[in-house]
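Protein chains in written order, with my numbering: chain W, 39 to 552; chain X, 23 to 179; chain D, 112 to 527.
This report concerns only the one structure given below.
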Amino acid sequence: MPKIFIDDRAVEAAQGQTVLRAAESAGIPIPHFCYHPAFAPEGSCRMCLIEIEGIPKLELACSTVVREGLKVQTKSPKVVEARKGVLEFLLAEHPLDCPICDKAGECKLQDYFEEYGLFRSQFKESKEKREKKFKLGRNLILDRERCILCTRCVRFLNEITKTEDAGILNRGIHSEVGIFESEFIASNYSGNLAQICPVGAITDSDFRFRTRVWFLESRESVCPLCSRGCNIIIDSHPGFPRLPRGRRVYRIRARWNPDVNSHWICDHGRYGYAYLDEGRQDRLVWKKGSRDTGLSWDKAAGILSGKIQGLMLRGKSQRIGVILNPNLTNEELFLADRLFRKGLGIEKIYGAGPAPEKGDDFLLTADRAANSRGLREICPAVRAPEPKDLAELDLLLLFGHHLGAAERSADLLKALEKVEVKALFVSHRSALDDFVDFVIPVPAIAEKSGSLTNIDGRAQPFSAGLAFEGDGLPEWKALLDLAKELNVDHRYFWPLDSPAAVFRVLQEEIPFFK
Amino acid sequence: MSPETSALLRRRIEETAARYPKKGAALLPVLHLVQQETGCISVEEEKFVAQALGLKPMKVREVVTFYTMFLRRPVGKYHLQVCSNLSCILLGAGPLLEYLQKKLGVGVGETTSDGRFTLSVVECLGACEQAPCVMVNFDYYGQLDREKIDRILEGLE
Amino acid sequence: MDEKVLTRHFGVEGLFRIEVYRGLGGYKAVEKALKEMSPSAVLEEVKKASLRGRGGAGFPAGMKWGFVPQNVPKPRYLCVNADEGEPGTFKDRYIMSHNPHLLLEGTIIASYAVGIRSAFIYIRGEYEAVALRLEAAIAEAYKAGYLGDKILGTDFGLDVVVHRGAGAYICGEETALLESLEGKRGHPRLKPPFPASVGLFQCPTVINNVETLSNVPSIVQEGADAFIKKGLPKDGGTRVFGVSGMVKRPGIYELPLGTKLRTIIFDHAGGMKDGKELKAVIPGGMSAPILTADEIDLAMDFDSLAGAGSMLGSAAVIVIDKETSTLDVLKAVAKFYSHESCGQCTPCRIGTSWIHKIVKRLAGGEGEPDDIDTIIRLAGNIKGKTLCPLGDAAALPILSICRKFRSELEGYIPHA
Chain W
39 MPKIFIDDRA VEAAQGQTVL RAAESAGIPI PHFCYHPAFA PEGSCRMCLI EIEGIPKLEL
99 ACSTVVREGL KVQTKSPKVV EARKGVLEFL LAEHPLDCPI CDKAGECKLQ DYFEEYGLFR
159 SQFKESKEKR EKKFKLGRNL ILDRERCILC TRCVRFLNEI TKTEDAGILN RGIHSEVGIF
219 ESEFIASNYS GNLAQICPVG AITDSDFRFR TRVWFLESRE SVCPLCSRGC NIIIDSHPGF
279 PRLPRGRRVY RIRARWNPDV NSHWICDHGR YGYAYLDEGR QDRLVWKKGS RDTGLSWDKA
339 AGILSGKIQG LMLRGKSQRI GVILNPNLTN EELFLADRLF RKGLGIEKIY GAGPAPEKGD
399 DFLLTADRAA NSRGLREICP AVRAPEPKDL AELDLLLLFG HHLGAAERSA DLLKALEKVE
459 VKALFVSHRS ALDDFVDFVI PVPAIAEKSG SLTNIDGRAQ PFSAGLAFEG DGLPEWKALL
519 DLAKELNVDH RYFWPLDSPA AVFRVLQEEI PFFK
Chain X
23 MSPETSALLR RRIEETAARY PKKGAALLPV LHLVQQETGC ISVEEEKFVA QALGLKPMKV
83 REVVTFYTMF LRRPVGKYHL QVCSNLSCIL LGAGPLLEYL QKKLGVGVGE TTSDGRFTLS
143 VVECLGACEQ APCVMVNFDY YGQLDREKID RILEGLE
Chain D
112 MDEKVLTRHF GVEGLFRIEV YRGLGGYKAV EKALKEMSPS AVLEEVKKAS LRGRGGAGFP
172 AGMKWGFVPQ NVPKPRYLCV NADEGEPGTF KDRYIMSHNP HLLLEGTIIA SYAVGIRSAF
232 IYIRGEYEAV ALRLEAAIAE AYKAGYLGDK ILGTDFGLDV VVHRGAGAYI CGEETALLES
292 LEGKRGHPRL KPPFPASVGL FQCPTVINNV ETLSNVPSIV QEGADAFIKK GLPKDGGTRV
352 FGVSGMVKRP GIYELPLGTK LRTIIFDHAG GMKDGKELKA VIPGGMSAPI LTADEIDLAM
412 DFDSLAGAGS MLGSAAVIVI DKETSTLDVL KAVAKFYSHE SCGQCTPCRI GTSWIHKIVK
472 RLAGGEGEPD DIDTIIRLAG NIKGKTLCPL GDAAALPILS ICRKFRSELE GYIPHA
């Protein structure tokens, strides 16, 4: 472990680490544009130049490897002057676009100018005029005047997607990022380019001109659109709650996790957030005949548990069915299993989820549910229901709007008709609403807390990134309330007052999660 | 590109690429020989070369646009490349370039209407002892003055 | 001492043909090296000879060869740098067209010394005629058994390929040359790692200039001591000086290292042309800082010129007369580096262009009082801060011109 000195402070670095990384780990940021932890050092922006004792020339922090006793200055007059120099060069040929540029507020050029620049421009010449709305990909627009040629975009497409779609054309001051003819970037990971661009050169047309980033609230979450469980950030506008009619979510960004998704997310997860604000189920209703009666959860819970108890007393537990889904959290699956199977002795517990689609060989999995692994580990006996399974039921609790295999949906629906009492716990409106008696709104994964188990068996905890609006409640709470109403094993269920508490018990009882 | 040209080029590309441990390394020599045959590297040639060397077309274009000798548009039969670097400027390259423009009736980067001459300006040709110089296609001419320029142009068919 | 090494037989007709070359003692050095010396003995001799690189940087050739690891299970490569893009330089063109076999002989011996079996001659694309002559010489050498497998019946073999560039000065920089040889844009690489360990196709590689390698046969044949005596103790051998500009006899002059600049200009090159007066001299190719007329009493060797704030570089002497405006000189310099910047790193890409824009404005009569200061400041922000030496190659000459000819340049500013 080489010991180095940064700004006269002793820092323990790791063997083979660069000065930039060692400084970062010690909480000393060194400004940079072209460097990105996912790629080998590029060394072209020259912003990370630092002074090393004993070396007359300034050296790059991003590519200089630490050695024992190295003495680095990140704020010496020479370094300050060098940084100003780089900023001055970049800004000389950079358009004054801040007022119309989406990157404002999260732009490295802005941030560094504020911190290390603050000089008046001495550039009297004509700036190079370049294309400002070059279509790079489905959702990507390149502004060549803003581009600082850090080549992060080119390197991403060379090293991560390995599609080599983009490159640098021409030479010298005429250098520009380009693609070949109209071979637009079509990768499922194109959205990452707008995220890694340090300035507003590559912008996302999905986000373009919609808002200023400083109006947004950023919350951590986990993407539920496949079983990878990529870590994300949800950027929502607190001024625009979803109800009565608004769109809160403006953007999804990738969040770094070295064990799951590195620095990336796929476009499917990045752009597929409309569901959070659209088509939501907001009213808790009891459908009696042709009328929908609004109901409180307490009332609904009371009615349901009454009906369940009625069947239990008449020895008809085999006439009660539960369909779980692989988007329920580990905690919810665990509670469902302990309440229905263990607590009430219900055997007819099934699971149904979204049909698999095409995955890619990077992050996106064919399995488009967030917690299939959790379902498998917590409820191992569960399978998809057949029409004949449903036909034998008097009461069915449905979690999610999947009934079973999509091909059998007509038969499944027909079988459903024969079930006397049907309660649907669901986050979105669907055709199934008309086939059930109780519709109970539940939050999307982004709106609750708990944990999900990804395809590699990694249990990832998450907390709410958005507020849950409307009637209804998270499934874990509903299950605990039902347990209370049904008087099942007080001593076991009563102390479980949060997903974290549930997970602790889950860990003790199921070896896989230890 | 005619099938004969395509076949001929493919053979020569194979031979050239065989001299390098990696096919892609032959890109510059291959672009030279394609350009000799077709006159310039347009989109068609970029795709052809990319396919022949197993490269992405973008990688070919990156190279074509970096090096000044690779032409993306056709030039006249005689490409007059006038040196504009220091030794040539010292010995009168500036006025000689103006003379050429007037004589041919074209500006820098343009081609005469009969398609014979394209006039370009280049950097040091490495013949400074003969300044001022012009490279016509691949032939060097030095110690230029107006008379010599006239003689050279007359001598070109 | 007036003993020539490289241009000794330049007057002989047909020198570029192998039978003529051999008739004059050519390829004897190869025979001596391969049959009588071990590779390390050859390397030691070259080290002893103080042969410094003749491309521009002046790095000791033997030392560079010694950096190549011999125990790495990868092929080793030799790249002959025949890009000759430094303005004012044309010496390698002469060596390769008149005496291509001398270069080949040096290439073979160098490869033998370092255990290299594959050499590429990276020649600038404009030198097509020279490339054809080289290829003809190579074909002759193969036929005569000096190239290919089992050279002269030994286990040593070498293949040489001529690789043409396509018009990019930056490809004369060794790592940009490697990128270009690999079929890519000529973007210089970060150093470390150095080409000796990670070079062509990530393998250990030696890159040497044409003139440097062409000196190797003499070192082997006549010994390091004789070579040193032709020059200076720490700077062995001769240099092929290229003189151009406003002189009576522009051309190449092979002279001992240490020859005085004044002698080169006024004796060998015949002095000023057309009765003009000397104003300034660029002593080592455009990248070398300019010298005024009263700074030319210098010895032309690496250390003396470095001490005078300039450099020997490619030993290309450009002579500027008093009737030439320094602004025109500055314009040519600024235009060149802006045009040749590869564009990778911020200071060079934007700095050279910005400086060029200011100079153009100055030349167009629209200069402003602070322009020279701005140019100096920008050049200072390029100097020492770029990814490759082209930044310094641009900044240092521009700084020297602005400092030494400031009042003349300010004379072009309307309100100064």
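Glycine residues also receive a C-beta, built at the ideal position from the N, C-alpha and C atoms.
Residue from the options with nearest C-alpha to residue i
i	options	result
lysine 340/D	Ser161/D, Ile524/D, Glu130/D and Tyr132/D	Ser161/D
phenylalanine 378/W	Arg59/W, Ala48/W and Asp519/W	Asp519/W
lysine 302/D	Cys499/D, Gly362/D and Lys494/D	Cys499/D
leucine 125/W	Leu489/D, His526/D and Ala505/D	Leu489/D
lysine 122/W	Gln148/W, Asp135/W, Leu431/W and Gly143/W	Gln148/W
alanine 52/W	Arg190/W, Tyr288/W and Glu106/W	Glu106/W
glycine 438/W	Leu351/W, Glu169/W and Val360/W	Val360/W
isoleucine 384/W	Ile346/W, Pro418/W, Leu504/W and Asn365/W	Ile346/W
proline 425/W	Arg414/W, Leu450/W and Gly442/W	Leu450/W
glycine 54/W	Ile88/W, Met85/W, Ala99/W and Ile93/W	Ala99/W
For residue i, three-class secondary structure by DSSP
i	result
phenylalanine 305/D	coil
isoleucine 401/D	coil
alanine 410/D	strand
valine 65/X	helix
leucine 435/W	strand
glycine 259/D	strand
lysine 200/W	coil
cysteine 513/D	helix
aspartate 113/D	Low local confidence applies: a pLDDT of 48 at aspartate 113/D is under 50, so the model's placement there is unreliable, with the coordinate-based value given in what follows. Of the three classes helix, strand and coil, the one that applies to aspartate 113/D here is coil, per DSSP.
leucine 520/D	helix
Beta-bridge pairing of residue i - partner residues as DSSP gives them
i	result
serine 274/W	Glu255/W and Val287/W
glutamate 214/W	Leu207/W
leucine 98/W	Leu87/W
methionine 383/D	Val358/D
tyrosine 100/X	Phe139/X
alanine 427/D	Gly353/D
proline 499/W	Ser489/W
Within chain D, partners of residue i - CB distance below 7 Å
i	result
lysine 95/W	Gly495
leucine 195/W	Within 7 Å Cβ-Cβ: nothing; leucine 195/W doesn't reach chain D, min ~16 Å.
glycine 81/W	Leu301 and Leu498
Endpoints, the alpha helix (DSSP H) within which residue i is located
i	result
isoleucine 212/D	The question names isoleucine, yet the displayed sequence has histidine at residue 212/D. Residues 211–225.
glutamine 347/W	335–351
threonine 241/W	Per DSSP, threonine 241/W belongs to no alpha helix (DSSP H); it is in the beta strand (DSSP E), 240–242.
asparagine 230/W	229–234
isoleucine 461/D	457–474
arginine 32/X	25–39
phenylalanine 541/W	537–547
glutamate 155/D	150–159
Bounding residues of the beta strand (DSSP E) (the contiguous stretch that carries residue i)
i	result
asparagine 192/D	188–193
lysine 124/X	Premise fails: lysine 124/X lies in the alpha helix (DSSP H), 115–126, not in any beta strand (DSSP E).
glutamine 111/W	109–111
Under 9 Å from the C-beta of residue i: neighbouring residues of chain X
i	result
valine 392/D	The premise fails here: valine 392/D is roughly 12 Å from chain X at the closest Cβ pair, so nothing lies under 9 Å.
Residue i: CB within 7 Å of a non-hydrogen atom of the ligand COA
i	result
leucine 147/W	No copy of the ligand COA occurs in the structure displayed, which carries no ligand at all.
Interface partners of residue i on chain X, CB under 7 Å
i	result
isoleucine 429/D	Leu108 and Ser109
lysine 295/D	Val85
alanine 240/D	Phe160
Contacts of residue i in chain D (Cβ-Cβ under 8 Å)
i	result
isoleucine 211/W	Ser449, Ser452, Gly454, Arg460, Ile461, Thr463 and Ser464
Contact list for residue i against chain X, beta-carbon separation under 8 Å
i	result
valine 309/D	The contacting residues do not exist; valine 309/D stays about 15 Å from chain X at best.
Per-residue contacts from residue i into chain W (C-beta, under 7 Å)
i	result
serine 81/X	Before going further, note that residue 81/X is lysine rather than serine in the sequence given. Within 7 Å Cβ-Cβ: Glu202 and Gly205.
Contacts that residue i makes with chain D (C-beta to C-beta distance below 9 Å)
i	result
lysine 181/X	Absent from the model: residue 181/X. The displayed extent of chain X is 23 to 179, so no value can be given.
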